[in-house]
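In this text, residue positions in the sequence shown follow the numbering used here: the first is 16, and each later residue adds one.
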Amino acid sequence: MFIALQAILLALSGLFIKKVGATYAGAVGGLLTALGSPGLGLFTFLALIIYGVLVDLSLFVFKIKGSPNGVNRNRLIAAIAVSTMLIGIITYSATVTMPEYIFTQAGIPHTFILQRSLILDIMVMFMGPATGATAGYATAYLWNKYLKNIALTL
Numbered sequence: 016m017f018i019a020l021q022a023i024l025l026a027l028s029g030l031f032i033k034k035v036g037a038t039y040a041g042a043v044g045g046l047l048t049a050l051g052s053p054g055l056g057l058f059t060f061l062a063l064i065i066y067g068v069l070v071d072l073s074l075f076v077f078k079i080k081g082s083p084n085g086v087n088r089n090r091l092i093a094a095i096a097v098s099t100m101l102i103g104i105i106t107y108s109a110t111v112t113m114p115e116y117i118f119t120q121a122g123i124p125h126t127f128i129l130q131r132s133l134i135l136d137i138m139v140m141f142m143g144p145a146t147g148a149t150a151g152y153a154t155a156y157l158w159n160k161y162l163k164n165i166a167l168t169l
């Protein structure tokens with residue numbers, strides 16, 4: 016639900032803190048979110064760390080650096096769209112396939128498992144890049160308009 020906000024915050028942390036800024040922010044966000052929902056805490060924590068790593072990798076692959084000259088908006092949009100689509104696919108697949116596999120192997124009856132469907136697959140494949148592109152645009156706007164001249168001494 017708040018994936019766009021998470022994407023914006025992870026992208027901004029990746030621009031401010033070089034190399035692993037989004038991973039740090041993902042770890043902190045995952046820890047705080049896991050404290051709020053202990054039942055899914057480990058899954059949430061791991062998903063946000065993986066999301067932070069994907070954002071850092073996409074910023075590196077697309078050669079996006081936070082500088083006082085601003086960032087390339089189109090490359091940032093593409094980078095965040097790709098990382099958001101990948102984390103959507105990873106978490107959706109883990110949510111759908113892993114519990115069924117684990118419960119089936121253990122012989123435990125599984126009544127509350129999300130069933131895979133074509134509609135959900137299409138929604139994940141469409142909404143991941145759409146949300147990521149929106150977050151990438153918002154991040155580029157915020158960086159180029161307000162944040163590019165802020166220097167962090169880390």
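Ideal placement from N, C-alpha and C gives every residue a C-beta, glycine not left out.
All of these numbers come straight from a predicted model, not from anything done at the bench.
Considering only residues of the same chain and omitting the five flanking positions on each side of residue i, which have a CB-CB separation below 7 Å?
i	result
F17	none
Alpha helix (DSSP H) containing residue i: first to last residue?
i	result
I165	Taken as a continuous stretch (DSSP letters only), I165 belongs to no alpha helix (DSSP H), as it is neither H nor E.
Y152	133 to 157
In chain order, what residues of the same chain have a beta carbon less than 6 Å from the beta carbon of residue i, not counting five sequence neighbours either side?
i	result
A155	V86, R88, L91
I23	A150, A153, T154
L69	S98, L101, I102
A42	I64
T48	T59
Among the candidates the options, whose CA atom is the shortest distance from the CA of residue i?
i	options	result
I102	G67, Q130, M113, G81	G67
T112	S132, S98, A96	S132
T106	A40, I79, G143	G143
T99	P114, M138, L55	M138
V76	L61, A148, V97, S82	V97
G29	S73, A148, M140	S73
D71	G36, I134, L46	G36
N159	A19, F31, G56, L20	F31
S108	I79, Y161, M140, K80	M140
G44	K78, I65, L167, L162	I65
A145	F60, A94, P114, Y39	A94
Y161	T38, G81, L46	G81
Using a Cβ-Cβ cutoff of less than 8 Å, which residues in the same chain neighbour residue i once the five nearest sequence positions on both sides are dropped?
i	result
N164	P83
L157	I23, L27
K78	R90
L167	F31, I32
Q130	V111
L61	G45
Could one say the Cβ of residue i lies closer than 8 Å to chain D's Cβ atoms, at least one of them?
i	result
G151	The displayed structure is made up of one protein chain only, and chain D is not part of it.
Which ranges does the alpha helix (DSSP H) cover as unbroken runs of at least 4 residues, wholly within the region 22 to 105, from first to last along the chain?
36 to 51, 56 to 76
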